[in-house]
Structures are given as structure tokens and as C-alpha cells.
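Visitor: At position 238 of the sequence shown (counting the first as 1) the number is 238 in my numbering, and the numbers step up by one without a gap.
Here it is, the structure, as C-alpha cells.
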Amino acid sequence: MVVGAFLEAKNLDLFWYCRILSIIVTIYSIMARRTIAIHFYEDIENILASNDSTEYIYCDACLDFFEVKYKPCSPDLEKRILKTFKLDIDNFLLKFMNEEKIEGGKQYNVYINNSLLKFDDLAYFYNIVLSIPCFMDCMDGSKYLLICKVMNIFKYINNKFFKDFIRSILVSMVFNQIETKNWNLSSPNSTEFCFPRYITDIFILELFKMYRVSEKTQNKFGEDLHEMIFDEYFTLYYINLREDFLFIDDDIIREILKLHKKLKNFLKIIDIVFRFHTFKSIFLYRISYIKEYDNIFDVSLFKSSEEINIIRCSNTNSLIERICRISRKKQIETLNIVHSTFNIEEEIAFLKKLCFRRLNYVILKDRYSSSFTNADSDSPVQFIFSRFINQIYDNDNKSNICVRKTRVCCYETEKELTLNFKHHQRKIVTFQKLEFPFLTFVFMKLVNKYISFVFYLINFKEFNNIEMIFTDTSLKDFSLRETEILNNITRIKIVSSTLNDIFLSKILLFPALRILFLSKCSIFKSKDEIKFEENTKIEKLHFGNSLVDDPEIFAGFLSKIVTLNTLEIFCLFGDTNIFLLKSIEKIVNLSKLKRLELSDTYHADRGIPFFPMFSNILYFDFYFNCPKDTFYKLFNSVNFRTLKFLNLDGVILGVNDKLALEKNTNLLRLKLSKNCKISGLAFSELFNLQNIYSLTEIRLPEIQFDMCDFLFFSKLKSLRKLYILSFTLKFDIIYFVKMFNQVKEIVVEYKIPLKDKFLEEFGSRLKGFALLY
């Protein structure tokens, strides 16, 4: 009995201990709970005067998942609150932007205009999120619009669950074919809101993944390809890269049509997506239009488009006719045609009949070639020579632009100018008769031994997109005036020339300059104290194989280019690498830089480069034969956390380079050329095995894999492509198979161990596998 009483007392103590602990945990969870109270207030006028949702949302604190800033609620607004929705963000599966900044134990208040979003609408959205992964019954157009509208108002993190949520919406559309067939796509509410580009991209990509669209086609919605293609054309003043643009080429069209033949409902789903996710600008690239493409162009691609860009297409007249037929209800504002071919002889006459508010036509070079010189006073292009001579070779510039060796005025040394363009002379009259809104752009070159110009001539009257090229010159100063030529110079190229800091200072004053190219030049300091003015136009600078008398002069020049996006520095000789300056961080602000390409040769007496803080850099091409054990010093101490693409050449990695890339968790593509070497450490030791990395593509030189590499690669869940020069293994090949189980494409250039076993394990599992000898 004594034992029983003792156990009973102990059980009672344990009971009260558990009760108290439960109460403490409950109180703590309540106090630590992060809650957002979303108040829906009455709209007195019952109408939205603007499509800008930020005008109808108020917060009592700065919340990053709204575009609005802190705007306290007025007492009048408090009286108009209809309902309140309380959201526990810790138990909500969709994560808000920077929600970690929200403190526990506090309630944050948000006030939303009832005409913008209703209480029942948010409750419906909330219940849908909780029901994932179940798909939704009776998914109709209004529900789809409502879901997208909520995602537009609240900014969510683009993580795995967010993608799963979007996929469930798309699955609901696909499996509710009867409902989707009855969607009212002509509803005026379908275009009530313009959704952000990132939401639209996710919807399209997840739809493509559902239907197993090739990765090649999916990648064409990425930034790399667009940047590579658009760089060539965006110097034309009328082409602007909007946020809401859609890129389409022949490969995309053919793959969609291939799916359409197998799945008749596929184009219907595509049409629905494009009804709600509209694009103001569409880029049609390298499309050879045929009748079979009509099915694609019948979907709602052009419903809300304001601008159509046709670039390097063929059968262009048929393509334009099709676009005009399907967009008759809404006139497209602008049609841009660039370097495209027509299957009719008089394309100018055809284009003149079109009803666009603005038509820009960059004419493709034909088989003819015309040439004129300034000595021919009766030529129809004499006005071109006169304008360039009068505006560039004025009295001030004549004495400041000289031949490099003789220091004699360039104009006096070589007066002949030659104008070349790839069209028959008889077309000149046709071009001259054209008027706004029809603009033709004819590519021309005005060539001289020392100064040349590459440009477009609009309707054979106005100059556009001029590149000015100096070769073998001595540049001391430049007189800038408000002239048509100078105001349209977008690129300056200086080759094998000498220039001083005075001329550098004048470069910053060109009003339209976007690209500066310096190669094999020498820059000297003048006697005068020169002040560099701030430049907000130059986006790209190439500085190659050039000498600088005083590196701090060039660093000071660089610091004034505040919008510099791309910087290319090639230093094959001399102390021209500005990143060798220890004071560079104090002199140069590269906060806007997104792409850096640096090529240099290591010299022991010069040391290694020192990089300032890069807050926005995405691409880094680093060609530098840095000695072993210095890579860590270059990378680990610098803020490269935004870096996504890293190319290395000539780098030697040693034992002291461990954890050199531990901070680069956002890195997507890492390429080490065959000139790189890894010795004394495993490849995986460059990283921190405790971190999660986003790598999708890796290229490696000759390498030996060990068990540390096995652990590292097995954690790279996003890795899809692997290129290896050659490799050896420190473990059984079966582990290698497991290590790259999720990789879709593997390329090995040279020998591999146990080739037959390797092919046996990989050949049937990976479609992209290749061996190159």
C-alpha cells in the first residue's frame, strides 16, 4: 500500500507538471505568434479610380510584401471597417517577402479597400492554400482571376510550395475540361489587373513542365537568351525592353504545335493563360511563317499587345497579315521590323498600306552595294558628308584630333570620306519620300583612315544610333555642342590611340552614349586639374590592353559612371588593372554593376586583385592565372552573394582555398575551364556542406572525386547539367551513379574509368549523356 500511495503521488505530480508545461507552451506560442489583421474598409464611392492597387492599401508598419510604404490609418477609415481577417503567418504555407522581419507577439494591421479585394475573396484563397495538394473543383475564369489578383496584392516568395500551389491551379484547369470549355473569356473583368512578370513566368513554366515541354524551350524564357539577342537591337531608340514582354521563336511554336496534335485541349489552356496574363510587347524572333502556325496565332497572344517586334523573320508579309487579321478589334500601337525578309518584291508599298500608329522598319542589306565619296558634289548623299564634317571637324576639334605619330590634324592629313551602304542607289528616292509614322532605317558606314562612323539613316533624312570610331589618333580634347550628330552618338570606339584625362572628361558629357570601347590605348594625365562630371547614360565599358599613366585617374573616371551595367577589363601587360588599387572601394562605386569580365596575368610584385562590394553583380568571367592558395582571398571576403554565373579560367585551387565559395548559395552556373587545376583539396571543399546551394550547371576540368564530393553533389537537388574534362574515382562507381541520379545531361570529353560499367549504369537512364573523344 505504501508503494501504491507513493506511485499515486508521483503520477499526480507528473500530471500537474505536464499541465503546467502545456500552459507555458500555449502562452509562449500565443505571445510569439506573428499575426496580420487584414481589415476590409468600405469604399464610399464604390469604384476604383485607378488600377494601382497601392492607392487602396494602408499599413501601420512597413511590410515588404506590399509595394506601399508606411501609411497610418485615419480615424475616418477605422469607422468604415466592414470585416477583419486574421492571418497567422507561421501556420500559412505561402511565405511572404521578408516575413522574417515581422516580430513575434505583435499584430500588424493592413487596411484594404473592399472594392479592391473582399473578405470572402481572401477567405476563399486562404482555404484553397490549405487544401493543397488537392485540386479545385469548378475552376472557372472568375476564380482564376481572383487567385491571381490575391497573388498580385500580396507578394509571396517564389519557393517550392508557391510553385506547387500554381501547379495545382493549372492541374485544376486541365482536369476540369468541361468547366474550362465554358469559361467566359470575353468578360471585361479578365483584364482588370495586369499581373507582375514573375507570376506570369511561373504560370507558363509550370504549365510547360506539366506537359513535359523540353528544357531547351523552357530556358528560352530565361534572361541569358534575351540579353544575348536584345543587346544587338536595343540601341535602336524605339525598341524598349518592357517588363511584360513575351519572346517567341520557331522552336517554341513547333513544340507547342507538336503537343497540340497529341493533346487537343493544350491550346485551349494556353489561350486561357494568355487571356489573363497579357503582354504589352511581343518579340517574334527567327520565325519562318507557314500556314500551320495559324493555330498558335489564334490564341490570345495579341489581345492586349501594344507593340510587336519582328526580328530576323522570313515570309514576313504573311506573318504581318495574320497579325492584322487577329487584332482587328484592337489597333496595335507599334510595329517594329528588324532584318526580316519578305516574299514580295515591293515590301515598302505593302507596309505603307498597314494601319499602325507607328511603323519602324530596319531594312536588311540586299545584294547590291552603293558607294559615294565627299569629292562627288552632285551625289544624292552629299548632305551626309556636309553634316559630319561641319559638326565633328569644327575649328576646335581640328586641332585636338590628330594623327598619333605625326601630331598633325587628322582632317588635313586625310580628307577623303567614303560612304557605303548595301542597297541600290535607286532606292534612295523611295526612302526620301516616306514620312512619319512610317520610318525606314538604312544601315550606313562613313569611312576614313582615322575617324569613321557607323549609323542608321531614318527615311534618308535623320541620323540615329551613331557609332564614332577613332583609329591611330591622338585625342587631346573635344568640343561638344548641341548638334544632331553628337546627340545621337550611342557608342564610341577608340583603338590604338592616345588620349588624356581632358578627353576622358568630355566622353562623360555625350548625352546619348551607352557603350564605350577602349583598346590598345594609352591614357595620360594633363597638366590641368580635371574634374569628372557624373554620367547616367553609359551602361557598358570595355577597357582592353591599354596603359594608364595614373591608375587613379581611370578609377576616378569610372566612379562617375553611376549606371555602369557591364565592365570588361583585359590587362595583358602593364599596371592597367584598377582592381589592384587598394583604395578602389573608396574611389569607385560599382553598385549597379551586373556583369564583370576581368582578364589579367599574375605578377608577384603587383599582388592579386582587390574587389569592392558588389551588391547587384550576376555574371563574373574571371580569367586570371592566380597562384595556388590565393582564390580564397579573392572571393571569400567579398560580397558576391548575388552572383549567379561564374566562369573561371587559369585559376589554380589549393588546400588554402577551402570554403572560398561557401557564401555563394545563389550561384546557378559554375564553369572551370580546362586551364584550371584543383590539387590538395576536393572540389566540394570549396563550399560549406551545411549550406544549400542552387547550382543547376557545373563544368569541371580534370578532377578526382572522393566521398566528400559524393555527399556534396547528392545535396544539389537543382543540378541538371554536368560537363567534365576527365575524372577518376576514390570510391566505387555505384556511388557515382547515385551522386548524379537527378542530372539530365552529362558530358565527359576524355577518358573515364570503367567505361563499360559507366555506360551500363548511365546510358539507359540519362537521355543527355554524351562521350566526346
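Glycine included, every Cβ here is placed at the ideal spot set by N, Cα and C.
These numbers come from a predicted model, not from an experiment.
With distances taken between CB atoms, is the gap from Lys560 to Glu215 smaller than 9 Å?
Guide: In the sequence shown, counting from the first residue as 1, residue 560 sits at position 560. In the sequence shown, counting from the first residue as 1, residue 215 sits at position 215. No, the pair does not count as a contact, with Cβ atoms beyond the cut-off.
Visitor: Asp550 by DSSP, collapsed to three states: which one?
Guide: Against the sequence shown, residue 550 aligns to sequence position 550. In the structure shown, Asp550 sits in coil (DSSP, three-state: anything other than H, G, I, E or B).
Visitor: For the candidate residues Ile310, Val429 and Arg322, whose alpha-carbon lies nearest to that of Tyr285?
Guide: Residue mapping note: residue 285 aligns to position 285 of the sequence shown, counting from 1. Out of Ile310, Val429 and Arg322, Ile310 has the C-alpha closest to the C-alpha of Tyr285.
Visitor: If the criterion is Cβ atoms closer than 9 Å, does the pair Glu533 and Ile569 meet it?
Guide: Mapped onto the sequence shown, residue 533 falls at position 533. Mapped onto the sequence shown, residue 569 falls at position 569. No, the Cβ-Cβ distance between Glu533 and Ile569 is not below 9 Å.
Visitor: Helix, strand or coil for Tyr144? Go by DSSP, reduced to three states.
Guide: For the purposes of this step, residue 144 is identified with residue 144 of the sequence shown, where counting begins at 1. Note: Tyr144 maps to helix in three-state DSSP.
Visitor: How long is the line joining the alpha carbons of Ile112 and Lys86, rounded to whole angstroms?
Guide: Here residue 112 refers to the residue found at position 112 of the sequence shown. Here residue 86 refers to the residue found at position 86 of the sequence shown. In this structure, the straight-line span from the alpha carbon of Ile112 to that of Lys86 is close to 13 Å.
Visitor: Residues in its own chain within less than 7 Å of Asn114 by CB, not counting five upstream and five downstream?
Guide: Within the sequence shown, the letter at position 114 stands for residue 114. So the qualifying residues of the chain are Phe40, Tyr41, Glu42, Asp43 and Leu82.
Visitor: According to DSSP, simplified to helix, strand and coil, what is Ile47?
Guide: Along the sequence shown, one-based indexing puts residue 47 at 47. Bear in mind that the predicted position of Ile47 carries a pLDDT of just 47, short of 50, making it unreliable; the figure below should be weighed with that in mind. DSSP places Ile47 in coil when its eight states are reduced to three.
Visitor: Between Phe342 and the rest of its own chain, which residues show a CB-CB distance below 8 Å, the 5 nearest in sequence each way excluded?
Guide: Taking the sequence shown and counting its residues from 1, the one referred to as residue 342 is at position 342. Around Phe342: Asn315, Thr316, Asn317 and Phe350.
Visitor: Mapping DSSP to helix, strand and coil, what is Asp249?
Guide: Along the sequence shown, one-based indexing puts residue 249 at 249. In the structure shown, Asp249 sits in a strand (DSSP, three-state: E or B).
Visitor: Could you pull the DSSP bridge partners for Lys677 from this structure?
Guide: By 1-based counting over the sequence shown, the position of residue 677 is 677. Note: Lys677 sits in a beta bridge opposite Ile652.
Visitor: So, at 8 Å on beta carbons, what are the nonlocal neighbours of Leu146 in its own chain, with the 5 sequence-adjacent residues on each side left out?
Guide: Taking the sequence shown and counting its residues from 1, the one referred to as residue 146 is at position 146. Within the same chain, Leu146 has close Cβ partners Asp121, Tyr124 and Phe125.
Visitor: Whose C-beta lies closer than 8 Å to the C-beta of Arg775 among residues of the same chain, with five residues either side of it excluded?
Guide: Here the chain has residues from 1 to 773 only, and residue 775 is not among them.
Visitor: Is the Cβ-Cβ distance between Phe479 and Asp501 less than 9 Å?
Guide: Within the sequence shown, residue 479 is the residue found at index 479, counting from 1. Within the sequence shown, residue 501 is the residue found at index 501, counting from 1. In the sequence as presented, Phe is not what sits at residue 479; that position holds Ser. Result no, Cβ atoms of Ser479 and Asp501 do not sit closer than 9 Å.
Visitor: Going straight from the alpha carbon of Gln742 to that of Ile89, what length do you get?
Guide: Counting from 1 along the sequence shown, the entry for residue 742 is found at position 742. Counting from 1 along the sequence shown, the entry for residue 89 is found at position 89. Distance between the alpha carbons of Gln742 and Ile89 is about 33 Å.
Visitor: Alpha carbon to alpha carbon, how far is Asp250 from Ser305? Give it in angstroms, no decimals.
Guide: Along the sequence shown, read from residue 1 onward, the residue named residue 305 stands at position 305. Along the sequence shown, read from residue 1 onward, the residue named residue 250 stands at position 250. Ser305 and Asp250: Cα-Cα distance of roughly 20 Å.
Visitor: Taking the alpha-carbon positions, what's the Arg212 to Asn675 distance?
Guide: As a working note, residue 212 is residue 212 in the sequence shown. As a working note, residue 675 is residue 675 in the sequence shown. One C-alpha to the other measures close to 37 Å.
Visitor: What's the C-alpha gap between Lys405 and Glu414?
Guide: Numbered from 1 along the sequence shown, position 405 holds the residue referred to as residue 405. Numbered from 1 along the sequence shown, position 414 holds the residue referred to as residue 414. When rounded, the distance between both Cα atoms is 14 Å.
Visitor: Looking only at its chain, what residues have a beta carbon closer than 6 Å to the beta carbon of Ile698, apart from the 5 residues adjacent to it on each side?
Guide: Here residue 698 is taken as the residue at index 698 of the sequence shown, counted from 1. Answer for Ile698: Leu670 and Leu722, listed in chain order.
Visitor: How is Asn589 classed by DSSP in three states: helix, strand or coil?
Guide: Within the sequence shown, the letter at position 589 stands for residue 589. Shown here, Asn589 sits in coil according to DSSP, grouped into three states, outside any helix or strand.
Visitor: Are the CB atoms of Ile652 and Asn625 nearer to each other than 9 Å?
Guide: As a position in the sequence shown, residue 652 is number 652, starting the count at 1. As a position in the sequence shown, residue 625 is number 625, starting the count at 1. Yes, the pair counts as a contact, with Cβ atoms nearer than the cut-off.
Visitor: In the DSSP assignment, find the unbroken beta strand (DSSP E) run with Val381 in it and report its ends.
Guide: Walking along the sequence shown from the start, residue 381 turns up at place 381. Counting along the chain, Val381 falls outside any beta strand (DSSP E), and DSSP gives it neither H nor E.
Visitor: Roughly how many angstroms lie between the CA atoms of Asp271 and Arg80, to the nearest whole one?
Guide: Counted from its first residue, the sequence shown places residue 271 at position 271. Counted from its first residue, the sequence shown places residue 80 at position 80. Looking at the two C-alpha atoms, the distance is approximately 40 Å.
Visitor: Could you spell out the range, first to last residue, of the alpha helix (DSSP H) harbouring Glu345?
Guide: If you number the sequence shown from 1, residue 345 lands on position 345. Element bounds for Glu345: n/a, residue is neither H nor E.
Visitor: When the Cα atoms are used, what is the spatial distance from Leu475 to Leu547?
Guide: For this step, residue 475 is matched to residue 475 along the sequence shown. For this step, residue 547 is matched to residue 547 along the sequence shown. Approximately 15 Å, taken between the alpha carbons.
Visitor: Span of the alpha helix (DSSP H) holding Ser131?
Guide: Translated into positions along the sequence shown, residue 131 becomes position 131. Here the alpha helix (DSSP H) through Ser131 covers Phe119 to Ser131.
Visitor: Once the 5 residues before and after Thr483 are set aside, which same chain residues still bring their CB inside 7 Å of it?
Guide: Working through the sequence shown from its first residue, we reach residue 483 at position 483. So the list reads Gln391, once near-sequence residues are dropped.
Visitor: On a Cα-Cα basis, can you pick out the residue from Lys352, Thr665, Asp294 and Arg358 that is closest to Asn336?
Guide: The residue given as residue 336 occupies position 336 in the sequence shown. Of Lys352, Thr665, Asp294 and Arg358, the residue nearest in Cα terms is Arg358.
Visitor: What residues in its chain sit with their C-beta under 6 Å from that of Cys571, if we drop five residues either side in the sequence?
Guide: The count along the sequence shown starts at 1 and reaches residue 571 at position 571. Taken in chain order, the residues that qualify are Asn577 and Asp600.
Visitor: In angstroms, rounded to a whole number, what distance separates the CA positions of Phe203 and Val273?
Guide: Position 203 of the sequence shown, counting from 1, holds the residue named residue 203. Position 273 of the sequence shown, counting from 1, holds the residue named residue 273. Going by the C-alpha atoms only, they are around 8 Å apart.
Visitor: Determine the direct distance from the alpha carbon of Tyr144 to that of Asp294, and round the result to whole angstroms.
Guide: Here residue 294 corresponds to residue number 294 of the sequence shown, with the count starting at 1. Here residue 144 corresponds to residue number 144 of the sequence shown, with the count starting at 1. In a straight line, the C-alpha of Asp294 is about 27 Å away from that of Tyr144.
Visitor: Where does His260 sit, in a helix, a strand or coil, going by DSSP?
Guide: As a first step, residue 260 must be located in the sequence shown, where it is residue number 260. Here DSSP, grouped into helix, strand and coil, assigns His260 to helix.
Visitor: Is the distance from the Cβ of Phe438 to the Cβ of Lys365 below 9 Å?
Guide: Position 438 of the sequence shown, counted from the start, is the residue given in the question as residue 438. Position 365 of the sequence shown, counted from the start, is the residue given in the question as residue 365. Against a cut-off of 9 Å, the Cβ pair of Lys365 and Phe438 comes out as no contact.
Visitor: Take Glu255 and list the residues in its own chain whose beta-carbon comes closer than 8 Å to its own, dropping the five residues that flank it on each side.
Guide: Residue 255 sits at position 255 when you count from the first residue of the sequence shown. For Glu255, where only same-chain residues beyond five positions count, the Cβ hits under 8 Å are Val213, Ser214 and Thr217.
Visitor: Taking 9 Å as the threshold (C-beta atoms), are Asn459 and Met444 in contact?
Guide: Position 444 of the sequence shown, counting from 1, holds the residue named residue 444. Position 459 of the sequence shown, counting from 1, holds the residue named residue 459. Against a cut-off of 9 Å, the Cβ pair of Asn459 and Met444 comes out as no contact.
Visitor: Assign Phe631 to buried or exposed, taking buried as 16 or more other Cβ atoms, counted over all protein chains shown, within 10 Å of its Cβ.
Guide: What you label residue 631 is simply residue 631 of the sequence shown in a count that begins at 1. Buried: at least 16 other Cβ atoms inside 10 Å.
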